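Q: Have a look at this one before I ask anything.
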Amino acid sequence: MSLQEASEARKARLLALRKRKMGQSVEGAEGTPEPLVGGRNYDPISKTLKKRTPGEEIEDTVEKNVKGLAQMIIAEDEEKRQQELDIFNIAPKRPNWDLKRDMDKKLAKLERRTQEAVHTLIRQRLAAQKGQSDDLVGAMKAQEQQNAADSDEEED
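Those letters in the sequence shown? Residues 1 to 156, per the UniProt record's numbering, in order.
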């Protein structure tokens with residue numbers, strides 16, 4: 001068989017396959033169209049229809065596969081309900097872990113401001129103890145001087 005003949009035979013098979021997929025009838029060897037037979041009553045090995053008697057049972061059905069499945073699921077569900085519910089397995093060990101996670105970002109900003117306020121109060125008390133001023137006005141002036149010194153340091 002030459003390459004040309006093999007190519008023509010392959011094209012014919014592909015065309016027949018394409019027609020079969022599209023649902024068209026395919027011509028046989030004699031030139032007469034072969035009937036398209038399919039479905040669950042068709043036996044592809046013998047290419048004939050399967051004969052069934054009305055009283056005959058089908059071996060493999062969905063109903064037979066799931067028979068008893070509903071009762072088994074209900075029985076398992078009842079067993080689970082009978083077991084005592086353990087609340088410790090449901091609740092998280094730390095109930096506020098998600099709140100702490102969300103608040104960490106906000107608390108970081110506040111921590112810095114808190115430290116600055118604590119340093120300011122300490123400076124005011126030290127200034128008052130050194131005798132610069134016994135009253136609140138003197139402490140405020142010391143704070144202003146400290147703020148000015150801090151701003152000078154930041155500019156450098």
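All C-beta atoms, glycine included, are put in the ideal place defined by N, C-alpha and C. Only a predicted model underlies this, so the values are computations on that prediction, with no experimental measurement involved.
Identify the residues that DSSP records as bridge partners of Leu49: which are they?
A: The partner list for Leu49 (beta bridge, DSSP) reads Tyr42.
Q: Which class does Ser2 belong to by DSSP, given the choice of helix, strand or coil?
A: coil
Q: Counting only the same chain and skipping the five closest in sequence on each side, list residues whose C-beta sits under 7 angstroms from that of Leu107.
A: none
Q: For the region 117 to 127 against the region 139 to 148, are there 3 or more C-beta pairs whose distance is under 8 angstroms?
A: yes
Q: Out of curiosity, what's the CA-to-CA distance linking Leu15 and Glu5?
A: 15 angstroms
Q: What's the C-alpha gap between residue 159 and Trp97?
A: Because the chain is modelled from 1 through 156, residue 159 falls outside the range shown and cannot be assessed.
Q: Could you compute how far the alpha carbon of Glu84 sits from the alpha carbon of Gln71?
A: 22 angstroms
Q: Go through its chain and collect everything with a Cβ distance to Lys67's Cβ below 6 angstroms, but skip five positions before and after it.
A: none
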